[in-house]
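First the structure, in the form of structure tokens, and then the observations on it.
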Amino acid sequence: MSSDLIQTLAARLAQVPGVEGVTLGGSRARGQAQPDSDIDLGMYYRAETPFDLVALSALCRELDDSGNAEPTPTGGWGLWVDGGINLTTQGQRVDFIYRELGRVDKSVQDALAGKIKLHAQTLHPHGIHSHHYAAELALGQILVDESGVLAALKARLGGYPTTLKAALIAHYDWQPDFWLYSVAKGHKRGDVHYAQGCAYQVVMAMVQVICARGEVWLTNEKGAVALASGVLGAPTDFEARVNAALTALDTAALQTLASELNGPVSRWP
0 MSSDLIQTLA
10 ARLAQVPGVE
20 GVTLGGSRAR
30 GQAQPDSDID
40 LGMYYRAETP
50 FDLVALSALC
60 RELDDSGNAE
70 PTPTGGWGLW
80 VDGGINLTTQ
90 GQRVDFIYRE
100 LGRVDKSVQD
110 ALAGKIKLHA
120 QTLHPHGIHS
130 HHYAAELALG
140 QILVDESGVL
150 AALKARLGGY
160 PTTLKAALIA
170 HYDWQPDFWL
180 YSVAKGHKRG
190 DVHYAQGCAY
200 QVVMAMVQVI
210 CARGEVWLTN
220 EKGAVALASG
230 VLGAPTDFEA
240 RVNAALTALD
250 TAALQTLASE
260 LNGPVSRWP
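Last residue of the sequence shown: number 268 in numbering that gives the first Met the number 0, and the count goes up by one each step with no gaps.
Following this line, the structure appears as structure tokens:
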């Protein structure tokens, strides 16, 4: 049912004026979906010829089981998530997520150039990198692409760029040491909030390095530790050990993980 529903939804979205392409993303694109996994559909448009929000709203109300779904305007979910709609169709959770093609093109350029820039975004505690849209396109399944623009961008990306791999490793491999120092400072002062935030950053820096070394695209913090744990070269039992270390706010355990990944870390005073 899900496969037929996905194709039907993509075809209906493509009929909205201004929509130039539709992709399948998330766990379903990776082939890792559970029975209750959402259907994530990327809806591509151009800023200079925006999609018809009125037509999209009418479609969403028609498709939604409650008949009440109302999509956001562009930018409604923030600069980098852009906007979209969460609805339920035939009992299945579905997300339509906007992607502006000019920014996707720039994201591919940034990935190829190895440009590392992290942007704050609601619901993304680590943030979203400028190459995020390129990663989505690399992992996603193109469902509708009449002009061929998405296929051309994906072909230009050509897989996981070696420039991006080198840039991510250089940007993140030294960071666990510094964040660990801050975890220890927070502990010493009894500032649990600060220590927990820094511990999270220790883990995300390690995740970025592991995934970059393995040339594994990372698009979301959700499931990131589990994803990294399965990458060749990750510390043994990475996911279980990270979960235990974060639960106990165990600085020593995080130091051990960082040492296994990058060699001995400094012992800050």
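Quick reminder that beta carbons are idealized off the backbone N, C-alpha and C, glycines included.
Nearest-angstrom Cα separation, counted from residue j out to residue i
i       : j       : result
Ala-223 : Val-206 : 7 Å
Tyr-44  : Thr-161 : 29 Å
Leu-217 : Gln-200 : 15 Å
Thr-250 : Leu-256 : 10 Å
Val-230 : Leu-62  : 39 Å
Asn-67  : Gly-158 : 40 Å
Leu-117 : Val-93  : 27 Å
Ser-26  : Ile-5   : 13 Å
Trp-267 : Tyr-180 : With a pLDDT of only 46 at Trp-267, under the threshold of 50, the placement of this residue in the model should not be trusted, and no figure is reported.
Ser-65  : Ser-56  : 13 Å
Met-0   : Ile-38  : At Met-0 the pLDDT is 49, less than 50, meaning the model places this residue with poor confidence; the figure from the coordinates comes in the next sentence. Whole-angstrom Cα-Cα distance: 12 Å.
Thr-269 : Ala-13  : The displayed coordinates of the chain run from 0 to 268. Any statement about residue 269 would go beyond what the structure contains.
Asp-51  : Leu-58  : 11 Å
Gln-31  : Gly-24  : 11 Å
Thr-95  : Lys-221 : The question names Thr, yet the displayed sequence has Phe at residue 95. Their backbone Cα atoms lie some 18 Å apart in a straight line.
Residue closest to residue i, alpha-carbon to alpha-carbon, out of the options
i       : options                             : result
Val-15  : Pro-49, Gln-33 and Gly-24           : Pro-49
Trp-173 : Thr-22, Gly-90, Gly-262 and Ser-36  : Gly-262
Pro-34  : Thr-7, Gly-90, Val-53 and Gly-20    : Gly-90
Lys-105 : Thr-87, His-128 and Arg-29          : His-128
Val-202 : Ala-110, Leu-245, Thr-121 and Leu-8 : Leu-245
Lys-114 : Glu-99, Pro-124, His-130 and Ser-36 : His-130
N-terminal and C-terminal residue of the beta strand (DSSP E) that residue i is part of
i       : result
Phe-95  : 91–99
Ile-115 : First-last for Ile-115: undefined, no H or E at that position.
Thr-88  : 83–88
Leu-40  : 38–44
Boundaries of the alpha helix (DSSP H) in which residue i is found, first to last residue
i       : result
Leu-245 : 237–247
Gly-25  : 25–29
Leu-62  : 52–62
Leu-253 : 250–261
Test item: CB-CB of residue i and residue j under 7 Å
i       : j       : result
Lys-164 : Leu-136 : no
Thr-71  : Gly-41  : no
Tyr-171 : Val-143 : no
Ile-168 : Ala-133 : no
Leu-149 : Val-107 : no
Ala-28  : Glu-99  : no
is_contact[residue i, chain D] using C-beta, thresh 7 Å
i     : result
Ala-9 : Going by chain labels, chain D is absent from the structure shown, which holds only one protein chain.
Residue i: CB within 6 Å of a non-hydrogen atom of the ligand SAH
i      : result
Glu-47 : Inclusion of the ligand SAH in the displayed structure is not the case, the ligand content being empty and no account of it being possible.
Next item on the list: Quick one: which unbroken alpha helix (DSSP H) runs of 4-plus residues sit fully inside the stretch 127–214? Chain order, please.
Entry: 131–138, 148–156, 161–171, 174–188 and 191–212
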